[in-house]
Each structure stands twice: as C-alpha cells, then as structure tokens.
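Chemist: Submitted below is the structure of interest, expressed as structure tokens.
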Ligand code: SF4
Ligand code: SF4
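Right, here's the structure in full:
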C-alpha cells in the first residue's frame, strides 16, 4: 500500500472533479468483482488506513452531513443535556422529507473545535460513518462515492482499492 495518504480536503475535492469519469468507470469495474473478495480487500485497506487519519483534525462529516436521530437517541441526549424533549426537539431537531428526525443544522450543533461534545451520546449514523468496515461494499457504491470527496478515509481506501484490484491508476496521490 502507498504510505502517503491524502488528507487535504480541498485537494481531495479538486482530485475528485478531475477524476469523475475515471470513478464512474471504477464503479462499473467494482460491480463485476466477487462481493466477498471485494469486502475483504476493503476491510483490510480500511484497517490499514483509518487509524492513520485523525478525525479530530478533519471533522468534515460532522460539518457536512445530515444526521438522522431516533426517538431513543433524542431521549438519551436530551436527558444528558438536562433538557425536556420539547425543548431539545425545538432547539436541535427538524423533520426530514421522509418523516425521520434530523439535526437541524449543518455543521452539527454538537461539534466544537472539531470534537464531538456529546461523544457518548452521538447518533448511530455518527458511529457508523464512514462505514468502510461494514459488509456489502458493492451494494453501497452509490453512498461510498457520494462521500468520496468529503471523507479522507473513504478517499484513500477507494484510491488504494484501484491499485489492489489492478484497476488502472498511473498517478501518485
Ligand atoms: S453528534 Fe457528534 S459525532 Fe455526531 S455529527 Fe454531531 S458532532 Fe459529529
Ligand atoms: S470519518 Fe472521514 S469525514 Fe469524518 S472526520 Fe473522519 S476522516 Fe473526516
């Protein structure tokens, strides 16, 4: 694996724009691979790459994603913040188009200096993102590439995946 990881978000965005067509071809290529083999490669790359990227320096998911909140999560966090559910909902939540509750600001209210101030009470989506450890990578290609230019972990895993799967990549990051 290339030891040099790209963590500069503006360079990642510029790179993603420049390589948009290549990524469309890569998605088609990935769809042809054996799903278990692909998961195994992605999980290995994620284990190598994720620990080398400092999320407290990045914080970009908390600054750019819509965060879903369940009733149970809202109950737990409102208790922790010593707010009634009514006050908590008014202050922090809105209803999304699907009827699901969402945090009502982007960046998230609870991010301060790139750190989550409610870490123990953060939501399931926060814990799961960027989800490169999950199975069925092939079924999640749309969301993976939706977040490719937003998350350095996803970006670097995908770029190394091009090498590991022997998809063409003739450049250094
Ligand atoms: S709750 Fe914490 S981890 Fe989740 S988006 Fe907000 S700041 Fe980030
Ligand atoms: S998960 Fe990705 S986007 Fe979120 S802080 Fe870590 S590197 Fe940044």
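Numbering (my numbering), first residue to last: -13 to 159. The beta-carbon is built from N, C-alpha and C at its ideal position, and this holds for glycine as well.
1) In the DSSP output, what is residue 55 paired with across the bridge?
2) Assign residue 78 to one of two classes, buried (16 or more other C-beta atoms within 10 Å of its C-beta) or exposed (fewer than that).
3) Is residue 82 a contact residue of ligand 3, with contact defined as CB to any heavy atom under 7 Å?
4) With residue 80 as the anchor, note down where its alpha helix (DSSP H) starts and where it stops.
5) Looking only at C-alpha atoms, which of 27, 35, 85, 40 sits nearest to residue 54?
6) In the DSSP assignment, the alpha helix (DSSP H) including residue 37 goes from what residue to what residue?
7) Consider the C-beta atom of residue 131 and the heavy atoms of ligand 2; say whether any pair is separated by less than 7 Å.
8) According to DSSP, is residue 150 part of a helix, a strand, or is it coil?
9) Does the beta-carbon distance from residue -2 to residue 138 come in below 8 Å?
10) How big is the Cα-Cα spacing for residue 127 and residue 105?
11) When the Cβ atoms of the segment 30 to 43 are set against those of the segment 80 to 96, are three or more pairs found closer than 8 Å?
12) Would the beta-carbon of residue 48 be found less than 7 Å away from any heavy atom of ligand 1?
13) Determine the DSSP secondary structure at residue 24, reduced to helix, strand or coil.
14) Take the Cβ of residue 145 as the centre, count every other Cβ of all protein chains shown within 10 Å, and call the residue buried at 16 or more, exposed below.
Modeler: Judging by the given coordinates:
1) Locating residue 55 in the chain shown gives position 69, counting from the first residue. Answer by DSSP bridge pairing, in chain order: 87.
2) Numbered from 1 along the chain shown, position 92 holds the residue referred to as residue 78. So residue 78 counts as buried.
3) The model on display carries ligand 1 and ligand 2 but not ligand 3.
4) For the purposes of this step, residue 80 is taken as the residue at position 94 of the chain shown. First-last for residue 80: 79 to 81, but that is the beta strand (DSSP E), not the alpha helix (DSSP H).
5) Mapped onto the chain shown, residue 54 falls at position 68. Here the closest residue by C-alpha is 85.
6) Taking the first residue of the chain shown as position 1, residue 37 is located at position 51. Where residue 37 is concerned, there is no enclosing alpha helix (DSSP H), given that its DSSP letter is neither H nor E.
7) In the chain shown, the residue the question calls residue 131 occupies position 145. No; taking the cut-off as 7 Å, the Cβ of residue 131 has no heavy atom of ligand 2 nearer than that.
8) As a working note, residue 150 is residue 164 in the chain shown. Correct three-state label for residue 150: helix.
9) The residue labelled residue -2 in the question sits at position 12 within the chain shown. The residue labelled residue 138 in the question sits at position 152 within the chain shown. It is a contact, given that the beta carbons lie within the stated cut-off.
10) Numbered from 1 along the chain shown, position 141 holds the residue referred to as residue 127. Numbered from 1 along the chain shown, position 119 holds the residue referred to as residue 105. C-alpha separation (whole angstroms): 28 Å.
11) no
12) Counted from its first residue, the chain shown places residue 48 at position 62. Because some heavy atom of ligand 1 lies under 7 Å away, the Cβ of residue 48 counts as near it: yes.
13) Along the chain shown, read from residue 1 onward, the residue named residue 24 stands at position 38. Helix, per DSSP.
14) If you number the chain shown from 1, residue 145 lands on position 159. Looking at its Cβ environment, which holds 16 or more other Cβ atoms inside 10 Å, residue 145 is buried.
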